[in-house]
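Trainee: Here it is, the structure in full.
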Amino acid sequence: MASPSGSPTPSSADLSAHRSEESDGEPFEGQSGIYAISYSPNGKLIATGRDDNSVRIYDSQSGRMLLDLEGHTDIVIAISFSHDGTQLASGSYDHTIRIWNTSSGETIGEPWEAHSDNVNSVAYSPDDKVIATAGLDGLVRSWDVATRAKIVEITDHPTAVQCVRFSPDGSQLASACDDGDVRIYDARTGALVLGPLEGHTERVRVIAYCPDGTRIASSSDDYTIRIWDSVTGTMVVGPLEGHTDWVACVEYSPDGKTLLSGSYDATMRLWDSFTGKLIAGPLRMHYGAVRGLSHSPDGTRFVSGAEDGTIRVWNASTREVILPVLTESDIHDYEVTGTGPFGGHTNYVAAVAYFPDGKHAVSASFDRSIRKWDVRTGTLVKELLRCHSSEIYSLSISFDGKRLASAAYGSIKVRDCVEWEVILDLSGHSQWVCCVRFSPDAKLLASAGHNGELFLWDSETGEKLRSMAGRNSTSPVQDVAFSPDGRKLASCSDDATIRFWDVHTAEMIAGPFETDSYCLVFSPDGRTIACGSSYSSLVVLDADTGSVILGPLRQHSSSIRCVAYSPDGSTICTGSDDHTICLWDAATGDLLLDPLRGHKQRVSSVAFSPDGRHILSGSQGNTLKLWNSASGELVKFSDSDVRDEEANTFLDLPAVMGPRAGAADEAI
Numbered sequence: 006m007a008s009p010s011g012s013p014t015p016s017s018a019d020l021s022a023h024r025s026e027e028s029d030g031e032p033f034e035g036q037s038g039i040y041a042i043s044y045s046p047n048g049k050l051i052a053t054g055r056d057d058n059s060v061r062i063y064d065s066q067s068g069r070m071l072l073d074l075e076g077h078t079d080i081v082i083a084i085s086f087s088h089d090g091t092q093l094a095s096g097s098y099d100h101t102i103r104i105w106n107t108s109s110g111e112t113i114g115e116p117w118e119a120h121s122d123n124v125n126s127v128a129y130s131p132d133d134k135v136i137a138t139a140g141l142d143g144l145v146r147s148w149d150v151a152t153r154a155k156i157v158e159i160t161d162h163p164t165a166v167q168c169v170r171f172s173p174d175g176s177q178l179a180s181a182c183d184d185g186d187v188r189i190y191d192a193r194t195g196a197l198v199l200g201p202l203e204g205h206t207e208r209v210r211v212i213a214y215c216p217d218g219t220r221i222a223s224s225s226d227d228y229t230i231r232i233w234d235s236v237t238g239t240m241v242v243g244p245l246e247g248h249t250d251w252v253a254c255v256e257y258s259p260d261g262k263t264l265l266s267g268s269y270d271a272t273m274r275l276w277d278s279f280t281g282k283l284i285a286g287p288l289r290m291h292y293g294a295v296r297g298l299s300h301s302p303d304g305t306r307f308v309s310g311a312e313d314g315t316i317r318v319w320n321a322s323t324r325e326v327i328l329p330v331l332t333e334s335d336i337h338d339y340e341v342t343g344t345g346p347f348g349g350h351t352n353y354v355a356a357v358a359y360f361p362d363g364k365h366a367v368s369a370s371f372d373r374s375i376r377k378w379d380v381r382t383g384t385l386v387k388e389l390l391r392c393h394s395s396e397i398y399s400l401s402i403s404f405d406g407k408r409l410a411s412a413a414y415g416s417i418k419v420r421d422c423v424e425w426e427v428i429l430d431l432s433g434h435s436q437w438v439c440c441v442r443f444s445p446d447a448k449l450l451a452s453a454g455h456n457g458e459l460f461l462w463d464s465e466t467g468e469k470l471r472s473m474a475g476r477n478s479t480s481p482v483q484d485v486a487f488s489p490d491g492r493k494l495a496s497c498s499d500d501a502t503i504r505f506w507d508v509h510t511a512e513m514i515a516g517p518f519e520t521d522s523y524c525l526v527f528s529p530d531g532r533t534i535a536c537g538s539s540y541s542s543l544v545v546l547d548a549d550t551g552s553v554i555l556g557p558l559r560q561h562s563s564s565i566r567c568v569a570y571s572p573d574g575s576t577i578c579t580g581s582d583d584h585t586i587c588l589w590d591a592a593t594g595d596l597l598l599d600p601l602r603g604h605k606q607r608v609s610s611v612a613f614s615p616d617g618r619h620i621l622s623g624s625q626g627n628t629l630k631l632w633n634s635a636s637g638e639l640v641k642f643s644d645s646d647v648r649d650e651e652a653n654t655f656l657d658l659p660a661v662m663g664p665r666a667g668a669a670d671e672a673i
């Protein structure tokens, strides 16, 4: 069997478990992103699944790493301790399950291919005799731990299954599906007992049974949590609202009284599980998406793990961090991300855009600020603080360079680029405004919202001219793009469709085309449209027919968040949750360079310089980076190529935007 990258899967003789008993490093050392985390049943160990393909086991009191378990050939997305604590099961994007001895770190038996695609979830039965798995292939399976024989296969999910859990008594299996529903099955026969439980409007990420088994909590990409009666299927609490991005994990306390949630918004929230009332939060001590949560068995602590590679152990009563011990310097580093080139943002950089002189760029962040930069030196030129009352999701600069639009919760503001004063404050969206775009002639402004709203505005007067809100879907519209001639508007939404609209009539003129996309952009000639998928692939479509021209092109190991064409249309740039940037030949789909590595968190936005020689990127790690698009190397600001030689070669051309970038034009 080969991994997705083509590398052979090692035999058990090749596997190694690296003991770290002599380690004197920092608590919870390790920089790779965390995708799963769990306390052992006795509370003495904490295990993690990581994006460097490893499983690591730590001492829960000191944070010292005890075991570094190697063998998987792709991201480890799921882990589960046996109830006696002697074994740990891990599931991976390499399609396999491995079982580890938690004392020695050795594999128990051979790994086996549990699914034909990513293994998204693993769970031991209460008696430890069975392991249940869920996969991207849409299947739920259960396996005899001793023999590896398949016991049950559930095939009625219409799409990928993200999570599977045994009920506390082991009689039932609950599943979470990409179709937004929860289902409950007989664990022995695989027969559907209850469901689908409908209510979520997007993918259900995780489910959790309360300790007595009477309720099930579910978390979703619709930013909410719901609690269901496990007997009747009725929603009894919720939706619990407050997170501002996908809710990646949810966990009941051991006494069942509270519910803990973690999100891609890098925060955690604590809820009363009976009333749904928020008890505490948002709790912030991670830079990246919080992907895993687990309570200690006695309920006095909980642990969180995030894509930024950090682990935090919390006092469950005070909600203070116990491990790692945070010094004043650590806290300062968390609050202020550097004072060097492009330093200063204190939260997720959601959008970047070039001005067409090539010398300046702007960035917008969840810290509510907009910053203008001299890209030749990385120095700050202008800083606008508290631009909105909530996180900024998107920005766009008009092609005449005179105005900048930014979007947040229910709010769009347009500023002039001379005095930077607000000249329009547009209201009309009822929830998060996911993106905002100026038309090529700067006369129109398009905006898209979380509940399917899609509006066109007069960018001079602020009048709402046309609305496509909820006409064909109420799913969040994640991105929009004007065609270069300004006649068409393309939109992609969480219902896995792309639609094309006539700008003048607001009628849908093509689509919906079934393409799971988080971001999209027209080619400079308007003939094609590049789409980045939440399933890590790039697809290029014919802009008239919607037919696939290239793809799906796979190199990233996680969702593609942003995409941009080079100004000459020859190259497509993608940024991903896997922290990398890829450059593709727009004609052949070939990867031009090895993935660009430098960000430690999700790459949220990319933009080519007007001459195409550089790429500016923003990330969830609060950082911006500048890359040489030919070599893929990071630009060092001590070099003279950007400041001097190349400063004279920037061309006055329209910039090409990433999906979180918006239009770009001349700096004032």
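Numbered continuously in our numbering, the sequence shown closes out at residue 673. A virtual CB, placed ideally from N, CA and C, is assigned to each residue, including glycine. In this text the structure is predicted, and so the values were computed from the model without any measurement.
By alpha-carbon positions, which one of Thr315, Asp313, Ser322, Tyr269 ends up nearest to Leu275?
Mentor: The residue you call residue 275 lines up with position 270 of the sequence shown. Nearest of Thr315, Asp313, Ser322, Tyr269 to Leu275, Cα basis: Ser322.
Trainee: Any idea what DSSP makes of Gln560, helix, strand or coil?
Mentor: Along the sequence shown, one-based indexing puts residue 560 at 555. The three-state secondary structure of Gln560, taken from DSSP, is coil.
Trainee: Need the endpoints of the beta strand (DSSP E) that Lys630 sits in, please.
Mentor: Start at 1 with the first residue of the sequence shown, and residue 630 comes out as number 625. Per DSSP, Lys630 belongs to the beta strand (DSSP E) from 629-633.
Trainee: Can you tell me the Cα-Cα spacing of Ile417 and Asp490, whole angstroms?
Mentor: Position 412 of the sequence shown holds residue 417. Position 485 of the sequence shown holds residue 490. Take the alpha-carbon of Ile417 and the one of Asp490: they are about 24 Å apart.
Trainee: Buried or exposed for Asn47, going by 16 or more other Cβ atoms inside 10 Å?
Mentor: Counting from 1 along the sequence shown, the entry for residue 47 is found at position 42. Looking at its Cβ environment, which holds fewer than 16 other Cβ atoms inside 10 Å, Asn47 is exposed.
Trainee: DSSP has Gly703 in a bridge; who is on the other side?
Mentor: Here the chain comprises residues numbered 6 to 673, so residue 703 is not present and cannot be evaluated.
Trainee: Would you call Thr520 buried or exposed, if buried means 16 or more other Cβ atoms sit within 10 Å of its Cβ?
Mentor: The residue given as residue 520 occupies position 515 in the sequence shown. When all chains shown are included, Thr520 counts as buried.
Trainee: Between which two residues does the beta strand (DSSP E) containing Met70 stretch?
Mentor: Position 65 of the sequence shown, counting from 1, holds the residue named residue 70. Met70 -> beta strand (DSSP E) spans 70-75.
Trainee: So, Trp536 versus Ile503, is the Cβ gap smaller than 8 Å?
Mentor: As a working note, residue 536 is residue 531 in the sequence shown. As a working note, residue 503 is residue 498 in the sequence shown. What sits at residue 536 in the sequence shown is Cys, not Trp. In contact: Cys536 and Ile503 (Cβ atoms closer than 8 Å).
Trainee: Assign Pro163 to buried or exposed, taking buried as 16 or more other Cβ atoms, counted over all protein chains shown, within 10 Å of its Cβ.
Mentor: Looking up residue 163 in the sequence shown gives position 158. Result: exposed.
Trainee: To which residues of the same chain is Glu246 closer than 8 Å at the C-beta, ignoring the five residues directly before and after it?
Mentor: Position 241 of the sequence shown holds residue 246. By the criterion of a C-beta distance shorter than 8 Å, Glu246 is surrounded in its chain by Tyr228, Thr229, once the five residues flanking it on both sides are discounted.
Trainee: Using the Cα positions of Asp430 and Pro116, report the straight-line distance between them to the nearest angstrom.
Mentor: For the purposes of this step, residue 430 is taken as the residue at position 425 of the sequence shown. For the purposes of this step, residue 116 is taken as the residue at position 111 of the sequence shown. For Asp430 and Pro116, the distance between alpha carbons rounds to 58 Å.
Trainee: My output table needs one value for Val252: the three-state DSSP class, helix, strand or coil.
Mentor: Translated into the one-based positions of the sequence shown, residue 252 becomes position 247. Of the three classes helix, strand and coil, the one that applies to Val252 here is strand, per DSSP.
Trainee: Would Gly140 pass as a contact of Ala154 if the rule is Cβ separation under 8 Å?
Mentor: Looking up residue 140 in the sequence shown gives position 135. Looking up residue 154 in the sequence shown gives position 149. The answer is no: Cβ separation not under 8 Å.
Trainee: Quick test of the definition: if touching needs 3 or more C-beta pairs under 8 Å, does the region 96-104 touch the region 159-176?
Mentor: These segments do not touch.
Trainee: Please state the DSSP three-state secondary structure of Cys392.
Mentor: The residue given as residue 392 occupies position 387 in the sequence shown. It is coil, neither helix nor strand.
Trainee: For Trp319, does the three-state DSSP call read helix, strand or coil?
Mentor: As a working note, residue 319 is residue 314 in the sequence shown. Residue state, collapsed to three classes: strand.
Trainee: For Ser522, does the three-state DSSP call read helix, strand or coil?
Mentor: On the sequence shown, position 517 is the one that residue 522 refers to. The answer is coil: DSSP assigns Ser522 none of H, G, I, E or B.
Trainee: In the DSSP assignment, what are the bridge partners of Lys418?
Mentor: Start at 1 with the first residue of the sequence shown, and residue 418 comes out as number 413. Partner(s): Ser411, Asp430.
Trainee: What does the alpha-carbon distance come out to for the pair Ala151 and Asn627?
Mentor: Translated into the one-based positions of the sequence shown, residue 151 becomes position 146. Translated into the one-based positions of the sequence shown, residue 627 becomes position 622. Their backbone Cα atoms lie some 47 Å apart in a straight line.
Trainee: Would the region 126-133 and the region 79-99 be scored as touching if the rule is three or more Cβ pairs under 8 Å?
Mentor: yes
Trainee: Just how far apart, CA to CA, sit Gly556 and Thr593?
Mentor: Numbered from its first residue, the sequence shown carries residue 556 at position 551. Numbered from its first residue, the sequence shown carries residue 593 at position 588. The straight-line gap from Cα to Cα measures roughly 10 Å.
Trainee: Would you kindly report the start and end of the unbroken beta strand (DSSP E) that includes Thr579?
Mentor: By 1-based counting over the sequence shown, the position of residue 579 is 574. Start and end: 576-581.
Trainee: Residues in the same chain with beta-carbon distance under 6 Å from Ser614, minus the five sequence neighbours each way, listed in chain order, please.
Mentor: Here residue 614 corresponds to residue number 609 of the sequence shown, with the count starting at 1. Taken in chain order, the residues that qualify are Tyr359, Gly363.
Trainee: Between the Cα of Asp595 and the Cα atoms of Thr305, Cys440, Arg559, which residue gives the shortest distance?
Mentor: Translated into the one-based positions of the sequence shown, residue 595 becomes position 590. That would be Arg559, whose Cα lies nearest to the Cα of Asp595.
Trainee: Taking the straight line between their C-alpha atoms, what separation do you get for Ser395 and His584?
Mentor: By one-based count along the sequence shown, residue 395 stands at place 390. By one-based count along the sequence shown, residue 584 stands at place 579. Rounded to whole angstroms, Ser395 to His584 spans 25 Å at the Cα level.
Trainee: Under the three-state reduction of DSSP, which class applies to Glu465: helix, strand or coil?
Mentor: The residue you call residue 465 lines up with position 460 of the sequence shown. Three-state DSSP puts Glu465 in coil, outside helix and strand.
Trainee: Apply the 10 Å Cβ neighbour rule to Val427 and answer buried if 16 or more other Cβ atoms are within range, or exposed otherwise.
Mentor: Taking the first residue of the sequence shown as 1, we reach residue 427 at position 422. The residue in question, Val427, is exposed, as its Cβ has fewer than 16 Cβ neighbours within 10 Å.
Trainee: Classify Ala349 as buried or exposed, calling it buried when 16 or more other Cβ atoms lie within 10 Å of its own Cβ.
Mentor: The residue labelled residue 349 in the question sits at position 344 within the sequence shown. Per the sequence shown, residue 349 should be read as Gly rather than Ala. Classification for Gly349: buried.
Trainee: What whole-angstrom Cβ distance do Ser121 and Thr138 have, given they're in contact under 8 Å?
Mentor: What you label residue 121 is simply residue 116 of the sequence shown in a count that begins at 1. What you label residue 138 is simply residue 133 of the sequence shown in a count that begins at 1. Between Thr138 and Ser121 the Cβ distance is about 12 Å, and since that is not below 8 Å, they are no contact.
Trainee: Excluding the 5 residues flanking Gly415 on each side, which residues of the same chain have their C-beta closer than 6 Å to its C-beta?
Mentor: Taking the sequence shown and counting its residues from 1, one reaches residue 415 at position 410. Excluding positions up to five away in sequence, the list reads His434.
Trainee: Taking the C-alpha atoms as reference points, what is the distance between Arg296 and Ala41?
Mentor: Here residue 296 corresponds to residue number 291 of the sequence shown, with the count starting at 1. Here residue 41 corresponds to residue number 36 of the sequence shown, with the count starting at 1. Whole-angstrom Cα-Cα distance: 6 Å.
Trainee: Could you round the C-beta distance between Val568 and Ile586 to whole angstroms and report it? I think they count as a contact, below 8 Å.
Mentor: Looking up residue 568 in the sequence shown gives position 563. Looking up residue 586 in the sequence shown gives position 581. In fact, because the Cβ distance is near 11 Å, the residues do not count as touching under 8 Å.
Trainee: Output needed for Ser645: all residues of its chain with C-beta closer than 6 Å, excluding positions within five of it in sequence on either side, in chain order.
Mentor: Counted from its first residue, the sequence shown places residue 645 at position 640. Caution is warranted here: a pLDDT of 33 is assigned to Ser645, below 50, making its placement in the model unreliable, and no coordinate value can be reported.
Trainee: On the DSSP bridge list, what partners appear for Val386?
Mentor: The sequence position of residue 386 within the sequence shown is 381, counting from 1. Per DSSP, none; premise fails for Val386.
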